[in-house]
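Chains as they are written, first to last, in the working numbering: chain A, 1 to 375; chain B, 376 to 798.
Even for Gly, the Cβ is constructed at its ideal location relative to N, Cα and C.
Reviewing the structure listed below.
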Amino acid sequence: MSEKDLQSVTDRLLQRAAPGRAEFEDIVVVPVLAVLVAIILGGLIMLATGVSPANIGKAFVALFNGSFGSLNAVSETLTAAAPLTLAGLGIAIAFRAGLFNIGAEGQVIVGGVAAVVVGFSFAGMPPIIHVPLALLAGAVAGAFWASIAGWLRAATGAHEVIITIMLNLIAMRLLDYLLRNPPIQKEGRADPISKNVLPSAELPHLFDWLDPLMRVHAGIFVVMLAVIFIWWLLFRSTIGFEFRAAGLNPEAARYAGMRSGLIIVLVMALAGALAGLAGANQVLGVLGRVSPNFSGGVGFDAIAVALLGRSHPVGVLLAGLLFGALQAGGRQMQVDAGVSLDVIAIIQALIIIFIAAPMLMRGVFSFAFAKQSKR
Amino acid sequence: MAATQVSKVSKPAISPTRLRQTRLIGVILLILSVFVAVFFAWPVSGDASFRLAYPGDAFPLPNLIVPAAPYAWVVAALLAFFGVRQFLPGATRWTGLLFGLGLLLLVTAFLTWATAGKSFSLTGMLQATIIRSVPIALGGLAGVLCERVAVVNIAIEGMLLAGAFTGAVIGSLFGGTVGVLAAMLVGGAFGLLLAALVVTYRVDQIIAGVAINLLVLGLTSYMSSQVLTHHRELNNAPIFKAIDIPILSDLPLIGPIFFQHNIFVYGALIMVAIATYYLFHTRSGLRARAVGEHPEAADTLGIDVYRLRYINVTLGGMVAGFGGAWFTLGSVGRFDENMTNGRGFIGLAAMIFGRWHPVGALLAALVFGFADSLQQKLAILQTPIPAEFLAMAPYIATIVLVAGLIGRARPPAADGKPYIKGH
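Next up, the structure:
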């Protein structure tokens with residue numbers, strides 16, 4: 001083969017690789033860099049607030065040990081990842097349909113409350129019915145809460161961002177009220193706390209025969225099923241195609257005969273169901289009851305998870321695992337190095353910013369990206 | 376034939392959506408009328424006594440005595456009339472006005488019902504209304520400044536929180552005035568960050584806003600638990616005292632409500648006035664609005680779209696930073712995690728009701744401030760309504776108004792859309 005031939009072959013190969021390269025950068029390089037830069041900046045913030053370099057090193061070791069360092073740590077990571085992934089899937093599916101469901105937090109709250117109500121009622125019901133029923137209650141409540149926003153958007157054109165923000169705030173006040181009054185408040189308690197979920201409604205812990213401290217529970221199967229279902233729905237079903245079409249080009253979707261109003265309501269209901277499931281998952285698998293702020297900002301972190309996962313079910317799962325690891329490791333960090341868990345929130349916010357601004361990443365880290373021809 | 380066509384053209388057609396909305400509001404008003412009759416007029420007896428003066432006022436006013444039941448019946452009747460009016464010809468013209476008036480009457484009927492047989496300081500509540508509407512009005516004003524150049528600013532909440540934190544820390548170190556200035560600078564810095572993200576790096580505006588909110592919440596919570604808990608001297612800021620405006624503050628009723636406040640209330644009023652003048656009476660304000668309505672046209676005329684967006688969003692951030700300082704330097708003197716508690720989002724709603732106008736945002740903020748202070752003061756009256764539901768009222772009102780007023784208030788045409796030069 002002459003040198004010229006070789007040249008043309010490599011050219012052709014490069015050409016074929018070029019679009020793949022851009023995609024690879026978008027899906028892999030940008031997120032990886034974003035996470036790395038955010039963690040480094042988190043370290044700098046610790047340094048700026050007077051944490052000694054030795055302690056920062058300890059903090060990062062703890063961050064790893066607490067998330068993947070032992071079987072127990074992996075269990076914690078999975079436990080924390082489950083609600084993030086579920087709620088993240090809900091936000092991702094809304095993104096795909098061109099809707100911004102900022103209300104996952106509220107949907108998590110109402111889902112958790114519904115699950116706890118079913119969970120402490122129906123004494124004597126066999127677990128095989130009780131657990132699915134409580135999960136279903138959470139999903140239905142979340143779907144109802146989110147579809148209010150969907151319906152208003154479809155019927156009046158009110159922007160779903162404002163409506164879901166308001167629904168979040170309403171859900172928080174509603175939770176405050178419910179926890180202070182019967183029938184949800186625990187008898188004999190003056191502080192806001194709900195009754196405990198009956199053992200028959202608890203999601204069973206999977207490895208407590210190995211170590212009673214392992215909290216990972218059957219909810220991870222719910223997560224796996226949800227990921228597969230959403231993947232099938234989005235990429236293999238007609239209704240999912242309509243969702244994506246409505247998101248990519250609402251006008252064209254309408255001309256093609258898709259009922260945009262119905263799609264909006266359905267998408268929001270599905271997103272709410274997933275977020276409600278996340279709340280139910282927390283209540284039935286981890287907390288066993290509902291208290292103020294039991295949602296712990298899962299609905300907001302899930303926005304980052306959906307963005308990081310590029311609104312793809314598998315991506316959301318990976319992003320959920322990463323954020324779960326950050327949460328689990330962050331707790332260990334707080335214990336070992338005395339660094340406040342809130343630094344994790346900063347790192348997560350920075351990740352969103354970097355992911356959402358690929359142009360920024362390309363500009364700052366130009367060495368990591370192939371040169372783009374100017375159009 | 377021609378004549379009928381002319382008459383068809385000259386009479387503007389009422390869109391079916393608008394008509395449906397009108398009917399819906401009519402139904403709501405009728406339901407409210409029944410509600411007032413059943414819950415406020417039927418079971419109540421006695422007089423409601425509203426105190427208008429503080430003890431020791433220069434010109435004390437007598438108490439305002441309202442017979443509770445008859446007043447509620449009158450309100451129920453008026454609401455019923457407004458509701459029926461929505462189904463008669465020519466209703467669409469008056470819908471907004473009558474709906475607003477109806478809600479106002481509803482609130483007065485509620486107050487009279489809650490106060491029946493007791494006495495209640497109306498002046499005190501109205502004074503609290505003004506104070507509590509300050510951060511909402513400033514948040515709304517920040518929103519107006521940004522959205523007039525077509526940048527949606529969800530990050531107002533974060534900017535308020537950043538202002539509150541900075542005000543507390545810098546105020547503790549260097550005094551209140553420096554604290555306020557620093558809060559404005561930090562608010563402006565986050566405005567600049569938002570502008571850089573959405574203008575230069577073309578990040579989706581809502582995502583950028585959400586990210587800034589989370590970032591500020593994380594930063595302030597982290598610093599609060601990592602630093603402020605160990606250095607309490609950094610979280611002990613002076614509070615601005617109320618300044619009585621000479622003569623005016625002695626007026627009965629009006630004096631305490633409007634002229635006995637600290638710099639945040641006066642500052643908010645001045646900022647609203649300046650922003651109105653800037654946006655609607657100056658050349659650069661006209662340019663800014665052009666950028667919000669039609670950036671391509673503005674660009675063609677030689678207006679630097681990017682520059683104006685940067686400037687306005689940064690100004691908006693400074694306004695929000697000032698509003699944030701209210702939470703610490705104008706109110707309690709110390710910072711608590713997430714102390715803004717959704718006020719920035721309410722400010723955003725105030726901007727929408729205020730139809731993207733600074734004065735409108737201020738008036739809408741007063742409504743929210745009223746709901747806020749009502750909730751606080753009603754605890755004194757011991758009504759059977761749980762405080763949590765009263766706290767929800769402004770949020771529910773926001774949803775109703777956002778859904779009900781859509782199509783009546785129009786955002787800037789290019790709102791939320793990035794502008795890419797040369798496309």
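Per-residue DSSP class, three states only, for residue i
i	result
residue 422 of chain B	strand
residue 383 of chain B	Confidence at residue 383 of chain B is low in this model, with a pLDDT of 44, below 50, so the placement of that residue should be treated as unreliable; the coordinate-derived value is given next. Helix at residue 383 of chain B.
residue 656 of chain B	helix
residue 549 of chain B	helix
residue 464 of chain B	coil
residue 216 of chain A	coil
residue 511 of chain B	helix
residue 64 of chain A	helix
residue 270 of chain A	helix
residue 759 of chain B	coil
residue 496 of chain B	strand
residue 172 of chain A	helix
residue 336 of chain A	helix
residue 91 of chain A	helix
residue 770 of chain B	helix
residue 505 of chain B	helix
residue 681 of chain B	helix
residue 157 of chain A	coil
residue 429 of chain B	coil
residue 138 of chain A	helix
Check whether residue i and residue j have beta carbons under 8 Å apart
i	j	result
residue 143 of chain A	residue 273 of chain A	yes
residue 587 of chain B	residue 556 of chain B	no
residue 745 of chain B	residue 470 of chain B	no
residue 329 of chain A	residue 67 of chain A	yes
residue 267 of chain A	residue 235 of chain A	no
residue 107 of chain A	residue 151 of chain A	no
residue 376 of chain A	residue 104 of chain A	Residue 376 of chain A lies beyond the residue range present for chain A, which begins at 1 and ends at 375; the question has no answer from this structure.
residue 517 of chain B	residue 691 of chain B	yes
residue 426 of chain B	residue 485 of chain B	no
residue 141 of chain A	residue 111 of chain A	yes
residue 731 of chain B	residue 522 of chain B	yes
residue 535 of chain B	residue 514 of chain B	yes
residue 346 of chain B	residue 761 of chain B	Residue 346 of chain B is absent from the model: chain B starts at 376 and stops at 798.
Local Cβ density within 10 Å of residue i, reported as buried at 16 or more and exposed below that
i	result
residue 116 of chain A	buried
residue 493 of chain B	exposed
residue 785 of chain B	exposed
residue 579 of chain B	buried
residue 664 of chain B	buried
residue 194 of chain A	buried
residue 584 of chain B	buried
residue 31 of chain A	buried
residue 384 of chain B	Its pLDDT being 46, under 50, residue 384 of chain B is placed unreliably in this model, and the coordinates cannot settle the point.
residue 679 of chain B	exposed
residue 361 of chain A	buried
residue 96 of chain A	buried
residue 79 of chain A	buried
residue 255 of chain A	exposed
residue 629 of chain B	exposed
residue 696 of chain B	buried
residue 373 of chain A	Unreliable positioning characterises residue 373 of chain A in this predicted model, as indicated by a pLDDT of 45, which lies under 50. The coordinate reading is nonetheless provided below. The residue in question, residue 373 of chain A, is exposed, as its Cβ has fewer than 16 Cβ neighbours within 10 Å.
In chain order, what are the residue ranges of uninterrupted alpha helix (DSSP H) at least 4 long that sit wholly in the stretch 700-745 of chain B? 718-728
The stretch 667-692 of chain B: which residues have C-beta closer than 8 Å to a C-beta of chain A, in chain order? none
Beta strand (DSSP E) segments (min. 3 residues) lying fully within the stretch 563-638 of chain B: none
Listed in chain order, which residues of the stretch 386-406 of chain B have Cβ atoms closer than 7 Å to some Cβ of chain A? none
Using a beta-carbon distance cut-off of less than 8 Å, what residues from the stretch 759-791 of chain B approach chain A? 761, 763, 764, 766, 767, 770, 771, 773, 774, 777, 778, 779, 781, 782
At which residue ranges does the stretch 174-208 of chain A contain complete alpha helix (DSSP H) runs of 4 or more residues, listed in the order of the chain? none
Mind listing which residues of the stretch 593-608 of chain B have their C-beta closer than 7 Å to chain A's C-betas, in chain order? 593, 594, 596, 597, 598, 600, 601, 602
Identify each residue in the stretch 272-295 of chain A for which the Cβ-Cβ distance to at least one residue of chain B is less than 8 Å, and report them in chain order. none
Using a Cβ-Cβ cut-off of less than 9 Å, list which residues of the stretch 41-71 of chain A approach chain B; keep chain order. 45, 46, 49, 50, 51
Run through the stretch 241-310 of chain A for me and flag every whole alpha helix (DSSP H) of 4 or more residues, listed as ranges in chain order. 250-255, 260-282, 298-308
Would you list, in chain order, the members of the stretch 569-594 of chain B that have their beta-carbon closer than 7 Å to a beta-carbon of chain A? 572, 576, 577, 578, 579, 581, 582, 583, 585, 586, 589, 590, 592, 593, 594
Residues within the stretch 693-724 of chain B neighbouring chain A, beta-carbon criterion of under 8 Å: 717, 720, 723, 724
With 9 Å as the C-beta to C-beta threshold (strictly closer), list the residues of the stretch 22-39 of chain A near chain B in chain order. none
Within the stretch 438-483 of chain B, note down every full beta strand (DSSP E) run reaching 3 residues or more, in order along the chain. 439-442
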